[in-house]
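Each position in the sequence shown, counted from 1, maps to that position plus 248 in the working numbering.
Here's the structure we're looking at; comments come further down.
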Amino acid sequence: MATEIPLYREPDETAPTDPIDRVIRYHVQTKHHFNRYARSLGHLDWASQPDPFRRYDGALFVPLPRLRPDDEPVSPFYDAIYQRGVVPSTPVMLPGLSRFFELALALSARKRGGSMQWALRVNPSSGNLHPTEGYLILPQMEGLDLRAGLYHYAPKEHGLELRTEFDAGVVARLLAPFPAQSFLIGLTSIHWREAWKYGERAFRYCNHDVGHAIGTARIAAATLGWSMVLLDGVAQDTVATLLGADRGEDFDVGEPEHPDCLAVVWPSGDVTGEAVDVKHGEPTEIPLFLDPALIQTLAAGAWRGRANRLSGEHGVQWEIIDEVAAASWKTSQEQTSVAGPTARLSQLLPFTNHAASSAGQIIRQRRSAVSFDGKTAMASATFFQLLDRVLPAAELPQLDRPMPWDVLSWKPAIHLLLFVHRVAELTPGLYVLVRDREKLPVLQQSMNEELIWTPVPGCPETLPLYWLLEGDAKKTAVQLSCHQDIAGDSAFSLGMLAEFDGRLREGGAWQYPRLFWEAGLLGQILYLEAEAVGMRGTGIGCFFDDPVHEIIGVKGHSFQSLYHFTVGQPVEDKRLMTLPAY
Ligand SMILES: Cc1cc2nc3c(=O)[nH]c(=O)nc-3n(C[C@H](O)[C@H](O)[C@H](O)COP(=O)(O)O)c2cc1C
C-alpha cells in the first residue's frame, strides 16, 4: 500500500514569473549537494511502480514483422553509418519501418535475476524506467500497406497502434515541402514514470532520455540510408495536437504524455525497390516547421484508443515538474529552413579502426556497464577516435555536419570535462574537449584562471582537446558521481558542461530541455562507440552539480554540468541471465 505523502509547499510569493528564471529556479532546486539530494520520495514505493509499457486500449494494432539480423534490410557496417552517401537508401516499406523501430526503440534483451525479469531496450533510460513514447506520422505511401495516420509504437509487441487515420490528401499537403517518401516521428514523455523514483530531478532525466531516443532514431535512420532532422520550428501546442497528447478524453485514466518533439525522416538518396523507384537526389531545403492549420484538420478526425493506467495510485504529485514543463513550453513557431547537404559523399573519417561489426549488432548489444574492472586502459588512438565522433563540426551548415549532429538545428552547446584515469600514454588528470572551437575563449574565461590549457601530446590537431590538470582523479570522479564506483574504475569519465545562462537568455526557456537532448544524444554516441571498441559505457544522471563546477572554478550559471558518462572495461554480473528480447 503506497503511503500518501503530501509534499505540500506554501505558495511562494517570491516565485519568479519570467519563464527563464523559472527554469533556472527548477534547475537550481533539483541539484544534488553533498549534504542534500534533490527531493524525491527517498524510497521505492513498489505499490505504485509504473508500467513501462503504454498501450492504447481500443486502437487497431498492426504488428511489425520481426526481422532476423540477416533479413533485409541488413545493417551496414558500424563505421559506414557515419559516412555520407555510403549506405544505400532503403525504400520506406514495412521491412524498412520495422527495422527503423527495432533499432530506435525496441526491446534489445530481457534480463532475469532471481524471480525478477525485466526488459532492456535499444534506447537507454535512467533507472530503466523508460518515460519516452514514440509515434509515427505516416502519409499514404506507394508500396506500403499501411493507412495514412498517427501510430503509437508499442515496443513490447513491436507493433503500431493506429490512433487516428489521416485524410491522405491533407497529410500529403503537410509533407509536400519535404523530400519524397518523408514521414514524421514524434516523441513524448510520461514524466510520472521517472518522478516515481527520482522525484523532482525527473524532468532532467526525461529529457536526457528524449536525447538518447533522438540519437537511437537518427542512428537507426542512418543504418537504412535515411536522414532525419528535428522539426524544431514547430510550437509545442502543435506537437501536442499532432500526437494527440492534448486529448484529455483519451488520458482520463492514463497518465498524461508531455509532447517533446517531432522529426522528419526521409531516404536520403535514390530509392529503388520492388514497388518504388524514387530518384530525388538530395533536397535543396528542409523546412523546420509544419503548417499548424493542416495539423488541426488532421486531428479533427476520429480517434481510437484510451491510454492505459500505468500506476494504480500516485503517492506524491511532483508539482515542480509540471511547473518546469509549463515554463519551458515552446509557444513560438519559427518558419525557418535549413539548406540541403552540399556534399554527397563524405570523406572517410581520419580514424576508422573499429572491428567490422554491423551497426545493428552494436546497437542491439549496447548495455550500461554496472561495474568496471578498474584495470584495463584504453589505447590513446581509440580515445581520440571516440572523442572525434562527438565533434559536431559546428562551423558547417546543419545538413553538412556528420551524423548524428545533422539532426539538431542549434549550435552545439556542450563541452566535455574529462576525468582521464586509464588511457595509455595520457597522463591521468583533468581534460577538456571543446566541441565548438569558437567557444574556447568563453570556456577559458569561465574557468579558474590558474588552469593551463595545454595541448595533449599525440592528439590529432583536428581534436580540440586540452589538458588542464595532472593528477589521480579517480576518487574525485567517484565522489562527484554520487559515490558511484563506475566513475573511477573506468578508463575515463566525464561531465557534460553546457553553455547555460547565455543559451537560455538568448533562445528562451524552451532551450532548457534541448540542452538535455543534446547531452542525451552525446551519451548515445558514447554508448555505441564504447561497444564498438569492445568496452562499455554508462550514463550517469546522479552527480553533485556544484562540486563539479567548483573543481574548475565555474561560477554562476555560465556553464552547468548536465550529464555524466563513463567508459571502461565492463565486468559482467554473472548472477543475471540474458534472454532474447522477443
Ligand atoms: C539519463 C540516464 C541517467 C543514468 N544514470 C545512471 C546512474 O547514475 N548510475 C548508473 O549506474 N546508471 C545510470 N544510467 C543507466 C541506466 O540505469 C540504464 O540505461 C538502464 O538501467 C537500462 O539499461 P541499459 O542501458 O543496459 O539498457 C543512466 C541512464 C540514463 C539514460
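Even for Gly, the Cβ is constructed at its ideal location relative to N, Cα and C.
8 angstroms Cβ cutoff met for residue i and residue j
i, j, result
"MET389", "VAL310", "no"
"PHE431", "LEU384", "yes"
"LEU410", "ALA307", "yes"
"GLY481", "PRO531", "no"
"PRO664", "VAL680", "It is worth fixing the name first, because residue 664 is Leu in this sequence and not Pro. Contact: yes."
"PHE792", "HIS280", "yes"
"GLU503", "LEU558", "yes"
"ALA396", "VAL419", "yes"
"LYS659", "ASP684", "yes"
"ARG614", "GLU779", "yes"
"SER296", "GLY608", "no"
"ALA625", "ALA739", "yes"
"GLY771", "MET695", "no"
"LEU478", "VAL618", "no"
"ALA488", "ILE569", "no"
"ASP621", "ASP737", "yes"
Coil, strand or helix - residue i by DSSP
i, result
"ILE385", "strand"
"PHE282", "coil"
"PHE813", "strand"
"THR251", "Below a pLDDT of 50, predicted positions are generally treated as unreliable, and THR251, at 37, falls in that range; no measurement from the model is reported."
"GLN759", "helix"
"SER741", "strand"
"PRO311", "strand"
"ALA357", "strand"
"VAL370", "coil"
"LEU596", "Low per-residue confidence applies at LEU596: pLDDT is 48, beneath 50, and the placement is therefore not dependable, though the value from the model is reported in the following sentence. Of the three classes helix, strand and coil, the one that applies to LEU596 here is coil, per DSSP."
"PRO540", "helix"
"ALA829", "coil"
"PHE764", "helix"
"ASP793", "helix"
"ILE438", "coil"
"VAL276", "helix"
"ASP648", "helix"
"PHE414", "coil"
"ARG557", "coil"
"SER628", "helix"
Per-residue burial, residue i [other beta carbons within 10 Å of its own, 16 or more giving buried]
i, result
"LYS803", "exposed"
"GLY382", "buried"
"ALA424", "exposed"
"THR786", "buried"
"VAL815", "buried"
"MET651", "buried"
"PRO387", "buried"
"ALA470", "buried"
"MET825", "exposed"
"GLN633", "buried"
"GLN565", "exposed"
Residue i Cβ short of 7 angstroms to ligand 1 heavy atom set
i, result
"THR464", "no"
"LEU432", "no"
"TYR453", "yes"
"ARG615", "yes"
"ASP737", "no"
"HIS275", "no"
"THR786", "yes"
"SER374", "yes"
"HIS456", "yes"
"ILE534", "no"
"LEU368", "yes"
"GLY743", "no"
"HIS731", "no"
"HIS280", "no"
"GLY209", "What is shown of the chain runs 249 to 830, which leaves residue 209 out entirely."
"ILE662", "no"
"HIS460", "yes"
"ILE543", "no"
Any C-beta of chain D under 8 angstroms from that of residue i
i, result
"TRP366", "Although the question refers to chain D, the structure presented lacks it and comprises just one protein chain."
Worksheet item: Can we say the stretch 355-364 touches the stretch 439-451, given the rule of at least three CB pairs closer than 8 angstroms?
Response: no
Practice prompt. Could you tell me whether the stretch 503-512 touches the stretch 540-550, where touching means 3 or more Cβ pairs closer than 8 angstroms?
Written response: no
Discussion item. Assess contact between the stretch 566-580 and the stretch 754-772, defined as three or more Cβ pairs (one per stretch) separated by less than 8 angstroms. Is contact present?
Written reply: yes
Practice prompt. Say whether the stretch 763-778 touches the stretch 610-629, bearing in mind that this needs 3 or more beta-carbon pairs closer than 8 angstroms, one atom from each stretch.
Written response: yes
Discussion item. Check whether the stretch 362-373 and the stretch 315-326 touch, using three or more Cβ-Cβ pairs below 8 angstroms as the test.
Written reply: no
Discussion item. Does the contact criterion of 3 or more C-beta pairs under 8 angstroms hold for the stretch 718-728 versus the stretch 672-679?
Written reply: yes
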